[in-house]
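See below for the structure under consideration.
Spelled out as structure tokens, the structure:
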């Protein structure tokens with residue numbers, strides 16, 4: 642089966658007076674739920690100013706965790722996770738309706754990964770990211786939903802110009818902007834030794850992916866690695882909240898599926 646360890650850390654940074662990021666996770670309470678449900682990790686970066694970003698991020702993650710906790714046995718993560726993100730969007734949108742009456746916006750990014758057997762499913766909205774670190778190399782499993790990132794994908798500006806743009810943090814989509822939102826979801830095979838890294842833009846905007854991979858892999862203690870990532874981001878920038886989750890795959894068994902039932906592969 643899947644054997645993993647994890648750590649997380651969050652910091653308000655050097656400029657902000659409060660933290661609008663929110664982290665959450667749900668672990669199998671009993672061994673049976675490893676097979677019927679699996680593990681869930683989520684990170685949200687609230688936007689909108691004042692206290693509403695903090696409310697939005699917490700609402701999104703708590704909605705996601707509650708939905709995963711109450712999911713039916715053996716639901717396919719590939720369809721379950723985006724469904725839960727849609728429900729989280731609706732919850733943030735509904736919670737924000739009262740705030741709009743007071744002239745306050747409410748929205749948040751969200752990146753989540755669900756793990757079961759030998760696979761991880763990643764769903765996201767916004768510019769919080771998930772990386773897969775394998776053999777010391779970090780590969781992004783998400784793509785930013787920002788205006789400049791979209792322009793870069795269309796060939797209207799270079800990737801370098803997009804990374805240096807003053808408007809690189811302007812989101813093209815986020816949770817809470819409307820009743821419906823486009824969610825990107827992908828599924829990936831896991832190997833022993835892999836590390837999944839979820840982070841807000843306070844980290845990936847200050848620390849290059851290659852350096853994040855070095856820090857995450859050279860530290861056997863994941864809590865120490867998470868703290869070093871936060872400290873490095875604050876030293877380089879510190880103008881935003883910084884959050885990170887690290888999930889290390891200790892070992893994994895190859896699993897096949899036959900008529901909806903898992904079986905071990907030789």
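Numbering (the numbering used here), first residue to last: 642 to 907.
Built from N, CA and C at the ideal position, the CB exists for glycine as well.
The structure presented is a predicted model; accordingly, all values stated were derived computationally and were not measured.
Cα-Cα separation between residue 638 and residue 857, rounded to whole angstroms: In this structure the chain extends from 642 to 907, so residue 638 is not present and cannot be described.
Outcome for residue 815 when other beta-carbon atoms lying within 10 angstroms are tallied against a minimum of 16: Flag for residue 815 reads buried.
Distance between residue 894 and residue 661 (C-alpha atoms, nearest Å): Straight-line Cα distance between these residues: approximately 38 Å.
Straight-line gap, residue 696 to residue 673 (C-alpha atoms, nearest Å): Here the alpha carbon of residue 696 sits roughly 33 Å from the alpha carbon of residue 673.
Backbone CA spacing between residue 732 and residue 703 [nearest angstrom]: When rounded, the distance between both Cα atoms is 10 Å.
Residue 865: first and last residue of the uninterrupted beta strand (DSSP E) it sits in: Looking at the DSSP string, residue 865 is not in any beta strand (DSSP E); the run it does join, the alpha helix (DSSP H), is 863-877.
Residue interval of the alpha helix (DSSP H) (run including residue 694): That run of the alpha helix (DSSP H) goes 693-710.
According to DSSP, residues forming a beta bridge with residue 886: Per DSSP, 649, 839.
Per-residue burial, residue 884 [other beta carbons within 10 Å of its own, 16 or more giving buried]: So residue 884 ends up on the buried side.
Assumed close pair residue 682, residue 754 - CB separation to whole angstroms, cut-off 8 Å: Contact between residue 682 and residue 754 is confirmed by a C-beta separation of about 5 Å, below the 8 Å threshold.
Three or more C-beta pairs below 8 Å linking the region 763-770 and the region 832-846: Touching, yes, given that three or more Cβ pairs across the two stretches are closer than 8 Å.
Sufficient close CB pairs (3 or more, under 8 Å) joining the region 712-730 to the region 777-791: Contact fails: fewer than three Cβ-Cβ distances are below 8 Å.
Residue(s) in a DSSP beta bridge with residue 682: 666, 754.
Alpha-carbon spacing of residue 679 relative to residue 716, whole angstroms: Rounded to whole angstroms, residue 679 to residue 716 spans 10 Å at the Cα level.
Span separating the alpha-carbon of residue 827 from that of residue 652: A direct Cα-Cα distance of roughly 28 Å separates residue 827 from residue 652.
Proximity of residue 871 and residue 650 at Cβ, strictly below 8 Å: Yes, these two residues count as a Cβ contact at 8 Å.
Cβ-Cβ distance between residue 782 and residue 648 below 8 Å: For residue 782 and residue 648, no; Cβs fall outside 8 Å.
Where the alpha helix (DSSP H) through residue 775 begins and ends: No alpha helix (DSSP H) holds residue 775; the beta strand (DSSP E) holding it covers 770-775.
Where residue 778 sits in the DSSP three-state scheme: Correct three-state label for residue 778: strand.
Pairwise C-alpha distance: residue 656 and residue 713: Looking at the two C-alpha atoms, the distance is approximately 43 Å.
Residues bridged to residue 610 [DSSP beta-bridge criterion]: Since the displayed the chain opens at 642 and closes at 907, residue 610 lies outside it and no answer follows.
Status (buried if at least 16 other CB within 10 Å, exposed otherwise) for residue 822: Under the 10 Å beta carbon count, residue 822 is surrounded by 16 or more other beta carbons and is classified as buried.
Any non-hydrogen atom of the ligand SAH within 7 Å of residue 685 CB: Judged by which ligands are present, the structure shown has none, so any question about the ligand SAH falls away.
Sequence-distant residues of its chain with Cβ nearer than 8 Å to residue 832 (five each side left out): The residues are 775, 890, 893.
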